[in-house]
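Residue numbers (the numbering used here): 688 to 1189. Glycine included, every Cβ here is placed at the ideal spot set by N, Cα and C. Notes for the one structure printed next.
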Amino acid sequence: MLIKGVREVRKYSAYKCVSVVSRQLSSRLDALDHEERLEGCLSALPAKAKVVICGGGVMGAAVAYHLARRGWGPNTIVIEKEKVGAGSRWHSSGLVGSFKPTLAQVRLTQSSIRLLQELEAKGRSTGWKQCGSLLLARNRDRMTVYRRMKSQSVSWGIPCELVTPKKCQELCPLLNVEDVLGGLWIPGDGVGDPHLLSMSLMRESVENGVGVMEDCYVTAVLSKDDRVCGVETNHGAIDCDYFVNCAGFWARQVGQLARPKIKVPLLPCEHYYLHTKPIENLDPMTPVIRDPDGYIYLRERDGCILAGGFEPIAKPVYEEEITNMSQRCVPEDWDHFHVLLQQLLKRVPSLSQAVLHKLCNGLEAFSPDCKWIVGEAPEMFNYHVAAGMKTVGISAAGGVAEATVEEIVDGYSKYDMYELGLNRFLGLHNNKRFLRDRVKEVPGVHYGLPYPFHEFETGRNLRLSPIYPTLRDNGAVFGQVMGYERPTWFETIGENEPSDKP
688 MLIKGVREVR KYSAYKCVSV VSRQLSSRLD ALDHEERLEG CLSALPAKAK
738 VVICGGGVMG AAVAYHLARR GWGPNTIVIE KEKVGAGSRW HSSGLVGSFK
788 PTLAQVRLTQ SSIRLLQELE AKGRSTGWKQ CGSLLLARNR DRMTVYRRMK
838 SQSVSWGIPC ELVTPKKCQE LCPLLNVEDV LGGLWIPGDG VGDPHLLSMS
888 LMRESVENGV GVMEDCYVTA VLSKDDRVCG VETNHGAIDC DYFVNCAGFW
938 ARQVGQLARP KIKVPLLPCE HYYLHTKPIE NLDPMTPVIR DPDGYIYLRE
988 RDGCILAGGF EPIAKPVYEE EITNMSQRCV PEDWDHFHVL LQQLLKRVPS
1038 LSQAVLHKLC NGLEAFSPDC KWIVGEAPEM FNYHVAAGMK TVGISAAGGV
1088 AEATVEEIVD GYSKYDMYEL GLNRFLGLHN NKRFLRDRVK EVPGVHYGLP
1138 YPFHEFETGR NLRLSPIYPT LRDNGAVFGQ VMGYERPTWF ETIGENEPSD
1188 KP
């Protein structure tokens, strides 16, 4: 049973937890070496390439794939510090949802879904399963959001349907819907396997001329006349005209290796998901369930339930740099996970009878404004970044890679990428003290209610005007713009203040 399994797991010390997870990851990487090793990898770096891609995960593989489709395959090199697809192999939920906060991200996600479907049609395995997703609402504000999403879906081209609690339970009989007011059913959503997608994209890329160098890491990105001119690695140097930072979790660290340094403000947080052992008669087409008011999601995977969430206050980790994959495995904190576990058991009561397989606590990097980081760096021409996908890399990779390649090959993209660009950040946003303060609030925004004019509560008072104390003392309520605190409105200070009503 799950509760019994939780008690047993909690008997482990932190040391044992790290040891167990590290051994599991090591064995999986060994399996990757012997069973799923990408064929055709380079044994030495060439002297020159047109494009160098840093990162062999799902994003780097997607960029390589789109470059190969545009005929740039023979002039493209992918460098990966460990093994291709290793980062997406052990810590990923694989959720693919069409709705995103903005139209630009919706269009990029739709491109990613088309790519998954195209690869499956070619016989390439991606794990794509169009099982649909069901979003639940516990309050009127959430239902208002869903009605707005339903209205937007007409112009955005996303088939969806507002449903009653009874219909929610028909779509997923596992659910307890006593406190549910309704939901939004999105039949075009689904799930995929980031590792399978990475390998399929990389195999397609290699067949079209892309070179892949494993066990190779960047030590410096060089520039001349403010343009990328080369990359130094542990296997030597390579001249190039373009560099694409798809390092995911390590994107900030790779940005610091550039000359001049590139700001890629990302910091890791603990991110949990729970995996049960196989459950009898579990429908393989069980829809993805998202219950944002309870901060949780769950899905079926291989006859088991995979469940996780985005707690309101996350745990930033590691002040020092993380240099290898095993350092992304951290001890489980069941006390911290309890807020999610409690909601999971409330939403799916039968989960308490399931047998626990594992609680995975890996690290995921988030940007300070909870948006993706995509585009050309303002510090250096031809240095592109595609990172900060906040756990949804599989649903972003195809579209983000397509837009990145369009900017490289054509000089512009058909997608409106302005809101995701790096020029929205200042140097202070890349400060680790600021990131540690801010990023603990960011994951909760992912499932938070999208009220207008949302303001973060952390990472504040960075830049103050000389009249800030006067404004504050006169009832100013501040918002933050590019680090500056500026008044958004004034409220009465006390009961004896004169009314501002006519």
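Anyone know if the C-beta pair for residue i and residue j falls short of 7 Å?
i       : j       : result
Ser780  : Ile845  : no
Gly896  : Leu732  : no
Val1035 : Leu861  : yes
Lys950  : Phe1112 : yes
Gly1114 : Gly1062 : no
Ala659  : Glu919  : The structure shown does not extend to residue 659, since the chain is modelled only from 688 to 1189, so the question has no answer here.
Gly637  : Tyr982  : Only positions 688 to 1189 of the chain appear in the structure, and residue 637 is not among them; the question remains open.
Leu675  : Pro974  : Here the chain has residues from 688 to 1189 only, and residue 675 is not among them.
Gly1085 : Ser798  : yes
Ser1100 : Ala1088 : no
Tyr649  : Asn1048 : Residue 649 falls outside the range modelled here, since the chain spans only 688 to 1189, and no answer is possible.
Arg825  : Asp980  : yes
Leu729  : Met900  : yes
Leu821  : Trp872  : yes
Phe1068 : Asp913  : yes
Phe936  : Ala1052 : yes
Val941  : Val905  : yes
Which residue comes first and which comes last in the alpha helix (DSSP H) that contains residue i?
i       : result
Pro881  : 881 to 894
Ile1095 : 1080 to 1096
Pro852  : 852 to 858
Trp843  : 827 to 843
His1025 : 1021 to 1034
Phe1165 : Unbroken run through Phe1165 is the beta strand (DSSP E), 1163 to 1168; no alpha helix (DSSP H).
Lys1119 : 1119 to 1126
Glu752  : Before going on, a small fix: residue 752 reads as Tyr here, not Glu. Tyr752 -> alpha helix (DSSP H) spans 745 to 756.
Pro1130 : 1129 to 1132
Asp1160 : 1155 to 1160
Can you tell me where the beta strand (DSSP E) holding residue i begins and where it ends?
i       : result
Trp1176 : 1171 to 1177
Tyr1138 : Tyr1138 -> no beta strand (DSSP E), and no H or E assigned at all.
Thr789  : Premise fails: Thr789 is in no beta strand (DSSP E) and is neither H nor E.
Met1067 : Here Met1067 belongs to no beta strand (DSSP E), and DSSP marks it neither H nor E.
Val1042 : Here Val1042 belongs to no beta strand (DSSP E), and DSSP marks it neither H nor E.
What are the residues that DSSP puts in a beta bridge with residue i?
i       : result
Ser799  : In the DSSP output, where bridge partners are listed per residue, Ser799 has none listed.
Leu823  : Gly870
Thr920  : Val905, Gly923
Ile764  : Val739, Gly898
Ser910  : Val915
Lys816  : Val878
Arg1150 : Tyr1171
Ala1073 : Val1061
Glu848  : Trp872
When every heavy atom of the ligand NAD is checked, does at least one fall within less than 6 Å of the C-beta of residue i?
i       : result
Leu1158 : This structure lacks the ligand NAD; in fact it carries no ligand of any kind.
The stretch 1066 to 1079 / the stretch 754 to 774 touching (three or more Cβ pairs under 8 Å): no
In chain order, each beta strand (DSSP E) run of at least 3 residues that lies wholly inside the stretch 923 to 999: 923 to 926, 929 to 932, 954 to 963, 975 to 978, 983 to 988, 991 to 996
Three CB pairs or more closer than 8 Å across the stretch 868 to 877 and the stretch 733 to 743: no
Any 3 or more C-beta pairs closer than 8 Å across the stretch 839 to 859 and the stretch 886 to 904: no
Segment contact, 8 Å Cβ cut-off, at least three pairs: the stretch 743 to 755 with the stretch 1082 to 1097: yes
Validate contact between the stretch 1125 to 1134 and the stretch 1034 to 1050 using beta carbons, cut 8 Å, 3 pairs: no
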